[in-house]
Structures are given as C-alpha cells and as structure tokens.
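Mapping the sequence shown onto this note's numbering, position 71 (from 1) lands on 80, and the numbers just tick up by one. Yeah, the Cβ is synthetic: ideal placement off N, Cα and C, and Gly gets one too.
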Amino acid sequence: TESRQTKITFKYANASNDDVLTRDFALLRGRNEYLFGDSPWSLFAESLLEYDRFQAFDLRVTLASGLGYRFVDNDTTLIKSRMGLGTSREIGGPNDEWKPELVLGGDFKHQLTDRQKLYCTIDYYPNWTEFSDFRLITDAGWELVLDGESHTSLKIGVIDRYDSTPEGRKANDLNYSLLLMWKTK
10 TESRQTKITF KYANASNDDV LTRDFALLRG RNEYLFGDSP WSLFAESLLE YDRFQAFDLR
70 VTLASGLGYR FVDNDTTLIK SRMGLGTSRE IGGPNDEWKP ELVLGGDFKH QLTDRQKLYC
130 TIDYYPNWTE FSDFRLITDA GWELVLDGES HTSLKIGVID RYDSTPEGRK ANDLNYSLLL
190 MWKTK
C-alpha cells in the first residue's frame with residue numbers, strides 16, 4: 010500500500026550425493042516496512058526463521074526493528090539501508106538463549122533492461138555485547154525474462170550465510186541456484 014510494504018520470502022534447499030544428504034536448510038523471512046509518504050525514512054519490523062540440519066542448532070529465531078532510509082527509489086533503481094536493534098535465539102543448540110543484536114542491512118535492485126534485473130540484500134547481525142560474534146546473510150541474483158506473455162524467467166541466485174561462532178560446524182555456507190520461474194500476475 011502507500012503506507013506499508015510487506016515482503017515474505019521462503020527459501021529451501023535439499024541436496025544429496027550418492028544418497029548421502031549434503032544440504033538441508035530453510036529460511037523464512039517476513040518484513041513490514043512502514044512508509045511516511047514522500048519521506049525517504051521508514052520504520053521496519055522483521056522476523057527470520059532459519060533451519061539448517063548441519064548447524065549446531067535446530068532453529069534460529071531472529072526478531073528486529075528499526076529505521077530505514079531510501080537513498081534512491083525510482084522506476085529502475087532502489088538503494089536502501091536499515092539499522093536497528095534485535096535479538097536472536099538458537100533453539101536446540103549449545104547457546105539456547107536470547108542474544109541482543111544490532112541490525113545493519115541494505116537492499117539494492119536495478120532494472121538493467123526491460124527483461125533483466127539485478128538484486129542484492131545484505132544483513133549484518135553483530136552481537137551488541139561482543140562484536141566478534143556476528144552473522145552475515147547475503148542474497149544476490151540476476152533475473153532474465155524469457156517470455157513476457159507466459160511470465161517465464163530464468164534466475165541465477167546466490168545465498169551466503171556466515172556465522173562467526175559456528176560451534177564446531179561450518180562457519181560459511183554458500184548456496185547457489187539456477188531456476189526457471191513462472192509467475193502469475
């Protein structure tokens with residue numbers, strides 16, 4: 010609407026090699042952004058649920074809110090930032106307690122042509138009591154419209170999740186995808 014943007018994303022990957030499970034993760038993010046007319050400022054509230062079978066926790070819950078600022082917002086380009094406060098909890102892991110976090114992030118979208126666009130979202134979550142404890146989530150990609158009438162597109166994407174305190178597990182998790190998409194309008 011004119012006063013609010015709501016975005017919900019769900020990403021899931023499952024892979025195996027010779028019947029051995031090598032990847033099993035899911036990310037569910039919901040973000041409400043409250044807009045103030047023509048002002049570049051906004052307020053946001055978000056939640057993020059992370060499941061990863063190969064991490065030291067069963068489920069990570071993140072809740073955050075803060076301020077957003079749009080540097081560029083026109084028909085072809087969006088550059089916006091956000092900063093705020095939040096908390097996260099790794100349920101079922103060795104650190105099963107709420108941690109206070111800062112939230113620093115940004116979004117970039119650019120329509121290269123009428124058939125191509127780029128996007129990138131970066132979110133940095135440092136523990137505000139111990140800055141060496143942080144997470145960084147990057148989601149970037151390129152989309153190409155293959156057929157405008159049937160709304161089919163090709164999407165190449167990358168999700169990189171970094172956790173500075175992986176509790177003996179892998180700190181960096183890089184996932185890439187090549188998707189054929191069909192959208193309804």
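Beta bridge counterpart(s) of residue i as assigned by DSSP
i	result
residue 35	21 and 60
residue 184	168
residue 86	119
Residue i and residue j closer than 8 Å at C-beta
i	j	result
residue 101	residue 91	no
residue 112	residue 87	no
residue 114	residue 128	no
residue 70	residue 98	yes
residue 68	residue 57	no
residue 37	residue 19	yes
residue 161	residue 120	no
Member of the options whose CA lies at the smallest distance from the CA of residue i
i	options	result
residue 66	104, 150 and 56	104
residue 34	169, 82 and 191	169
residue 29	63, 44 and 47	63
residue 130	140, 183, 89 and 122	89
residue 11	181, 51, 141 and 85	51
residue 14	21, 191, 26 and 53	53
Alpha-carbon spacing of residue i relative to residue j, whole angstroms
i	j	result
residue 163	residue 138	43 Å
residue 116	residue 147	10 Å
residue 110	residue 73	8 Å
residue 24	residue 48	44 Å
residue 126	residue 118	7 Å
residue 124	residue 156	9 Å
residue 175	residue 46	42 Å
residue 150	residue 166	4 Å
Endpoints, the beta strand (DSSP E) within which residue i is located
i	result
residue 126	125-136
residue 66	That residue, residue 66, is in no beta strand (DSSP E); it is neither H nor E in DSSP.
residue 46	No beta strand (DSSP E) holds residue 46; DSSP gives it neither H nor E.
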